[in-house]
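Going by our numbering, the residue at position 192 of the sequence shown is 192; the numbering climbs one at a time, nothing skipped. For glycine and all other residues, C-beta sits at the position ideal for the given N, C-alpha and C. Note that this is a predicted model, so its numbers are computed, not measured.
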Amino acid sequence: TTQSTWGSRQIGKMSQVAFSLAQGTNPIVCQWCSDTGSCIKCVECNALFCVDCDVVLHKPAAYRRHTRSVTAAHAPELVEKFGELSTSTTPVPRPLSKKLRVYIDGCFDLMHSGHFNAIRQARALGDVLVVGVHSDAEITRHKGPPVMNENERYGLVEACKWVDELARDVPYSVSVALLDQLNCDFAVHGDDLAINANGQDAYGIVKAAGRCKIIKRTEGVSTTDLVGRLLLMTRSHLADRRESMDSASGDPVSEPAKPTPAGQLDSSAVSNFLPTTRRIIQFSNGKAPKPTDKIVYVDGAFDLFHVGHVETLKAAKALGDYLLVGVHDDPTVNLYKGRNYPVMSVHERVLNVLACKYVDEVIIAAPWVVTRDMILSMNIQVVAQGTSTKLDEDTAVPADPYEVPKSMGIYTEIPSLTDLSTEKIVERIIENRTRYLKRNKTKVPKDMAYYETKTFVQEV
């Protein structure tokens with residue numbers, strides 16, 4: 001028969017005489033929480049308990065039932081011999097009542113599907129995922145200036161559906177003390193090497209302590225790659241996308257990529273991301289709307305997914321029960337936005353949107369015009385757009401793509417809480433072109449070294 005779990009909250013109700021701290025010349029260390037101060041023993045039967053873990057560490061022959069006993073599932077297989085507790089290095093099963101807490105951190109600058117997939121894998125390794133995000137100053141010190149500021153990065157990470165807790169302004173190098181402070185059992189990192197400003201492995205300490213797990217890095221996409229693509233943009237391209245690229249102002253940004261000498265920036269004009277149906281399934285909720293659900297539809301390019309997109313999706317989800325998001329394909333975005341858009345391929349953009357916790361389903365390569373047939377087929381009751389929409393001032397459109405939902409009385413606009421846009425992110429790169437060229441010239445050789453020496457790592 002399963003009994004009530006014995007726990008620390010019940011200590012106050014127990015007899016103060018019956019229990020004492022398990023301290024002395026050889027204090028006992030709990031192998032689950034590594035704490036000496038949480039161990040108590042019964043002075044009558046010498047049973048040893050860990051208060052923090054809610055588990056019996058030593059169950060003697062004369063063991064008697066206490067005010068609250070451990071769950072039957074904990075005993076006897078989780079009981080260790082008294083003399084082995086402080087010396088054994090053999091991993092022992094975790095108590096069933098304690099959740100496994102996992103830590104992963106990063107810059108999460110120009111967040112992409114590789115970031116989201118790392119977070120997904122980390123979450124799959126435990127019960128609670130704590131995600132640490134570095135500050136602007138910390139990133140600048142160790143890697144160079146970030147494109148997105150820390151508040152923009154905090155907001156985007158917090159909106160990821162696999163994130164349980166957010167830790168702001170964490171140090172670049174992970175320590176055992178940091179894991180303990182966040183109550184995390186171990187850290188997670190990709191199979192590439194993270195080097196800090198001192199030239200050391202940023203995860204070296206926790207690796208040596210046996211508190212780091214390695215996951216597979218998502219190939220074909222990185223922040224360095226995205227910055228490389230963005231460096232191909234020019235200010236004249238942003239000023240008038242419809243203007244001929246033969247104009248005297250600015251370089252032609254759409255000219256074919258030229259070969260680059262070894263060690264210099266290679267062309268990032270084309271994404272190397274390899275989309276698979278398996279990845280889409282991993283990111284998908286796999287949840288169909290219920291007949292009673294109020295379905296809300298939002299569409300757009302969602303290029304360089306950012307916190308402005310998140311705010312719009314959050315507000316749209318609040319309008320109903322089920323959020324359906326349409327992501328336009330590359331030719332459509334290219335037609336209306338200009339010759340260098342989108343920066344990310346449709347598959348990259350779809351995965352980014354699917355990673356957002358407010359999104360229930362995505363239409364891949366959604367049509368630019370919202371039609372009556374589409375509304376009826378998908379049972380859409382609300383069509384929403386932010387006030388900063390895909391219909392910006394530089395977009396040449398032959399007709400209003402929302403004419404039908406407007407005539408049906410189901411169209412609404414959501415006030416945009418930020419003026420952040422894909423174009424403004426590109427503008428940041430252009431304004432600081434020299435800084436980011438220097439940053440990428442140090443990053444590209446590291447990425448090349450990873451690909452030359454990498455070995456196969458099974459993905460979680």
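Query	Result
For Ala535, which residues of its own chain have a beta-carbon under 6 Å away from its beta-carbon, when the five flanking residues on both sides are left out?	Nothing in the structure corresponds to residue 535, since the chain is present only between 1 and 460.
How should Ala197 be labelled, buried or exposed, when 16 other C-beta atoms within 10 angstroms of its C-beta is the threshold for buried?	exposed
Starting from Tyr341, follow its DSSP beta bridges and name the residues at the other end.	Note: Tyr341 sits in no beta bridge, so no partner.
Could you give the residue range of the alpha helix (DSSP H) that holds Arg211?	Counting along the chain, Arg211 falls outside any alpha helix (DSSP H), and DSSP gives it neither H nor E.
Can you tell me where the alpha helix (DSSP H) holding Arg120 begins and where it ends?	113-124
For Asp105, name the three-state secondary structure that DSSP assigns.	strand
Starting from Ala316, trace the beta strand (DSSP E) in both directions and tell me its first and last residue.	No beta strand (DSSP E) contains Ala316, which is instead part of the alpha helix (DSSP H) from 307-317.
With C-beta atoms as the reference, is Val407 less than 7 Å away from Ser388?	The sequence shown places Ser at residue 407, not Val. It is not a contact, given that the beta carbons lie outside the stated cut-off.
Apart from the five residues on each side of it in sequence, which residues of its chain come closer than 6 Å, Cβ to Cβ, to Arg9?	Because Arg9 carries a pLDDT of 29, less than 50, the predicted location of this residue cannot be relied on, and the following value inherits that uncertainty. Nothing listed; no residue qualifies.
How far does the alpha helix (DSSP H) with Ala137 in it reach, from first residue to last?	136-142
DSSP three-state label for Phe283, please.	helix
I think Phe116 touches Asn340, with their Cβ atoms under 8 Å apart; what is that distance to the nearest whole Å?	No, Phe116 and Asn340 are not in contact; Cβ-Cβ is about 24 Å, not under 8 Å.
For Val327, which residues in the same chain have their Cβ closer than 8 Å to its Cβ, ignoring the five residues on either side in sequence?	Asp299, Gly300, Ala301, Phe302, Val346, Arg349, Val350, Val353, Val362, Ile363, Ile364, Ala365, Ala366
Tell me whether Leu110 sits in a helix, a strand or coil according to DSSP, three-state version.	coil
Give me the Cα-Cα distance between Leu100 and Arg211, rounded to the nearest whole angstrom.	12 Å
Thinking C-alpha only, which one of Ser173, Asn334, Ala118, Gln458 is nearest Phe283?	Ala118
Note down the Cα distance separating Arg168 from Leu178, rounded to an integer number of angstroms.	12 Å
Beta carbon of His189: closer than 6 Å to some heavy atom of the ligand MG?	The model on display carries no ligand, and the ligand MG is accordingly not part of it.
Output the distance between the C-alpha atoms of Thr418 and Tyr322, rounded to the nearest integer angstrom.	24 Å
How many Å lie between Ala203 and Thr224 at the Cα?	One point to set straight first is that residue 203 is Tyr, not Ala, in the sequence displayed. Those two C-alpha atoms are separated by around 21 Å.
DSSP beta-bridge partners for Thr412?	Ala384
By the 10 Å Cβ neighbour count, where 16 or more other Cβ atoms means buried, how is Arg372 classified, buried or exposed?	exposed
The beta strand (DSSP E) that contains Ala187, what's its start and end?	186-190
Could you work out which residue in Asp329, Ile215, Trp162, Pro146 is closest to Val227 when comparing CA atoms only?	Pro146
In three-state DSSP terms, what is Glu459?	coil
Roughly how many angstroms separate the alpha carbons of Arg242 and Pro331, rounded to a whole number?	Any reading at Arg242 must be qualified, since the residue scores a pLDDT of 38, below 50, and its modelled position is unreliable; no value is offered.
Taking 6 Å as the limit between beta carbons, can you name the residues of its chain near Asp164, skipping five residues before and five after?	Val128, Leu129
Where Ile375 and Pro171 are concerned, what is the direct C-alpha to C-alpha distance, given to the nearest angstrom?	48 Å
Based on Cα-Cα distance, which residue from Asp185, Gly126, Leu110 lies nearest to Glu150?	Leu110
Along the chain, where does the beta strand (DSSP E) containing Asp299 start, and where does it finish?	295-300
Give the straight-line distance between the Cα atoms of Ser88 and Asp185, rounded to the nearest whole angstrom.	Summary for Ser88: the model assigns pLDDT 32, below 50, so the residue's position carries little reliability; its value from the coordinates is reported in the next sentence. Approximately 18 Å between the Cα atoms of the pair.
Note the first and the last residue of the continuous beta strand (DSSP E) segment covering Tyr172.	Note, Tyr172: premise wrong, no beta strand (DSSP E); not H, not E.
Have a look at the DSSP bridge pairing and note the partners of Glu361.	Leu324
Excluding five sequence neighbours on each side, which residues of the same chain lie with their C-beta closer than 7 Å to the C-beta of Lys143?	Cys107
Would you decide whether Leu274 is buried or exposed? Buried here means 16 or more other CB atoms lie within 10 Å of its CB.	exposed
Identify whether Leu304 lies in helix, strand or coil by the three-state DSSP scheme.	coil
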